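Trainee: Encoded as structure tokens, here's the structure I'll be asking about.
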Ligand SMILES: [Zn+2]
């Protein structure tokens, strides 16, 4: 792809503003003239940005993982096979994988940067022969230098991706005007719009379904947008919790009998 092209759709980009990243690098941001994707210049600061994989400023980590576990359980129950094998890609400390196993889903963990603290023994990886019912990709796509290539690899191992990333608000905030630019840790190098998610899904040969805010499905299924919005909403999550409760894997993982805990 040519320089100064959109990392998602390849169209021309124009300057979008500048900001100071990691308190010292003056970074130019660009926006795509076609899909609205907002991207940094070539990110030369990433080694420093990842010196600690999960930013020290991230105090919302636990709360977000609890929320993501509820959303993922609901989407799985509504649309895919809950008894199959799953992968959390870019799984961080492994908290989400552990929470999903506690909820009875056979989740596994992969992360290039972070140390697996909570899901040890459940490491797995996307390979030429691996197969997963769904791969969750939470808070990751905005970190990727080449989202299309990275998600292409995942699509070879699954039909269903569940992605979380905040969409750029309609007001089109400039760098520094919206917290999700995350200038203090410098890891967010590409911010999506709905249109850029569409372009991404198209390049992957998959379909997009989104709640229009933060939770997005890219996969082979043609999911009804209203059903998806309901599935990720509070009432939809509650319904899935009540109707599709699974036996926890907690005791089984610990070497005990899972039946004891119900
Ligand atoms: Zn674009």
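In the numbering used here, the protein residues as written are 11 to 272.
Where is the CB? At the ideal position from N, CA and C, for every residue including glycine.
No experiment lies behind these values; they were computed from the predicted model shown.
What residues does ligand 1 have around it, judged by CB closer than 6 Å to any heavy atom, in chain order?
Mentor: Qualifying residues, in the order they occur: 16, 18, 19, 21, 42, 44, 45, 47, 206, 209.
Trainee: For residue 14, collect the residues of the same chain with a Cβ closer than 8 Å to its Cβ; drop the 5 residues on either side in sequence, then sort them by chain order.
Mentor: Cβ neighbours of residue 14 beyond the five flanking positions: 22, 23, 40.
Trainee: Whole angstroms are fine: how far does the CA of residue 129 sit from the CA of residue 135?
Mentor: Computed Cα separation, rounded: 14 Å.
Trainee: List in chain order: all unbroken alpha helix (DSSP H) runs of 4+ residues lying wholly within the stretch 143–193.
Mentor: List check, alpha helix (DSSP H) in window: 157–165.
Trainee: Are the Cβ atoms of residue 200 and residue 152 separated by less than 8 Å?
Mentor: In contact: residue 200 and residue 152 (Cβ atoms closer than 8 Å).
Trainee: Assess contact between the stretch 50–62 and the stretch 32–39, defined as three or more Cβ pairs (one per stretch) separated by less than 8 Å. Is contact present?
Mentor: Short answer: they touch.
Trainee: Going by Cα to Cα distance, which pick from 252, 170, 262, 187 is closest to residue 227?
Mentor: Selected option, being the one with the closest Cα: 170.
Trainee: What span of residues does the beta strand (DSSP E) with residue 276 cover, start to end?
Mentor: Look at the range of the chain in this structure, 11 to 272, and you will see that residue 276 is not part of it.
Trainee: Looking at C-alpha atoms only, which residue of 189, 109, 118, 248 is the closest neighbour of residue 78?
Mentor: Comparing Cα-Cα distances from residue 78 to each of 189, 109, 118, 248, the minimum goes to 109.
Trainee: Nearest-angstrom Cα distance between residue 251 and residue 158?
Mentor: Their Cα atoms are separated by approximately 33 Å.
Trainee: Please report the distance separating the alpha-carbon of residue 18 from that of residue 165.
Mentor: In a straight line, the C-alpha of residue 18 is about 16 Å away from that of residue 165.
Trainee: Identify whether residue 117 lies in helix, strand or coil by the three-state DSSP scheme.
Mentor: Here residue 117 sits in strand by DSSP.
Trainee: I need the DSSP call for residue 244, collapsed to helix, strand or coil.
Mentor: Correct three-state label for residue 244: helix.
Trainee: Might you give, ordered along the chain, the residues of its own chain that have their beta carbon closer than 7 Å to the beta carbon of residue 263, omitting 5 neighbours on each side?
Mentor: Once the five neighbours on either side are set aside, the close Cβ partners of residue 263 are 111.
Trainee: Let me confirm a value: residue 230 is counted as buried when at least 16 other C-beta atoms fall within 10 Å, else exposed. Which label applies?
Mentor: The residue is exposed, with fewer than 16 neighbouring Cβ atoms inside 10 Å.
Trainee: Taking the beta carbon of residue 274 as the centre, do at least 16 other beta carbons fall within 10 Å, making it buried, or is it exposed?
Mentor: One cannot answer for residue 274 here, as it falls past the ends of the chain, which runs 11 to 272.
Trainee: On the three-pair Cβ rule with 8 Å, is the stretch 167–181 touching the stretch 119–128?
Mentor: Flag = no, the stretch 167–181 and the stretch 119–128 do not touch.
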